[in-house]
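Numbering (the working numbering), first residue to last: 326 to 615.
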């Protein structure tokens, strides 16, 4: 495959499962690297030769202050942003990545606004296919973050395929008797900030003809998810006859891979109070970009 693509996604929006179906040995798919723009997540061991070559910072200078307004998520700061904020260095980094990989899975919450703007500009200027994915229900998004942070479990498995690993992780979740209460005020503040960020990024992306707009709910709750995936496959100009249907079913058809289900949610003591936010703020519970 010579066509390049970028998955530009919100955290906890199904980017990992989608990436696995595009990038799995024997799938006849694509070569994809996960979250290469963050020092703390993703496939750091594959990226470090490039960051070292471009002299990326590995820590912030002493007494460095990160202005919270520069970040979608001010509680998370990534020293690689010191380099990625520079357009020339960001472009050189992406050039190196795309010289080896067809696709990049990027989570925008890992980086500051300027780094994200540089990544979007690169995509637009180089005709890279862009898959923009987010959650319509932002309260479900926050609940998912709350559970994963509380449990210290962020994926059932890296690829959703190893049955033993999925069952082991599900056992760890089931062994937790009770999760902490969801901080309602913080949840609302977080959701408001995420929606603001999504609108900012969408303003730059919506004018791009080579973009595929996707929501977690429309895709993963589809009555025929394979048809939805074929649309993405065709968007990337891949040969749909080479789709590995067995693999797709193992990843997308495995309902046990969904980390936060009703049983897990019921272990949050104030879940009924939290669910009331869905009714009080319906625009956040069913958010649409226009």
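Where a beta carbon is used, it is the ideal one built from N, C-alpha and C, also for glycine.
Residue i in three-state terms, based on DSSP
i: residue 336; result: coil
i: residue 457; result: strand
i: residue 555; result: helix
i: residue 402; result: coil
i: residue 524; result: helix
i: residue 364; result: coil
i: residue 351; result: In this prediction, residue 351 scores a pLDDT of 49, lower than 50, which makes its location untrustworthy; the coordinate-derived value is nonetheless stated afterwards. Note: residue 351 maps to coil in three-state DSSP.
i: residue 562; result: coil
i: residue 485; result: Any reading at residue 485 needs caution, since the residue's pLDDT is 49, under 50, leaving its predicted position unreliable; the model's value is listed next. Three-state result, residue 485: coil.
i: residue 421; result: helix
i: residue 628; result: Outside the displayed range of the chain (326 to 615) lies residue 628, so it cannot be described from this structure.
i: residue 541; result: helix
i: residue 375; result: helix
i: residue 328; result: coil
Closest by C-alpha distance to residue i, when choosing among the options
i: residue 569; options: 525, 510, 554, 562; result: 554
i: residue 338; options: 408, 463, 445; result: 463
i: residue 456; options: 434, 470, 429, 442; result: 429
i: residue 593; options: 574, 520, 501; result: 501
i: residue 473; options: 396, 459, 562, 497; result: 497
i: residue 586; options: 469, 515, 606; result: 469
i: residue 540; options: 557, 376, 573; result: 557
With 16 other Cβ atoms within 10 Å as the buried cut-off, status of residue i
i: residue 588; result: exposed
i: residue 611; result: exposed
i: residue 370; result: exposed
i: residue 356; result: exposed
Strand pairing of residue i, partner residues [DSSP]
i: residue 358; result: 429
i: residue 602; result: DSSP output for residue 602 lists no bridge partner at all.
i: residue 536; result: 455
Problem - the region 409-420 contacting the region 442-450, beta-carbon criterion three pairs below 8 Å - result: yes
Exercise for the section: Evaluate contact between the region 353-364 and the region 420-434, counting only Cβ atoms and requiring at least three cross-stretch pairs below 8 Å. Expected result: yes
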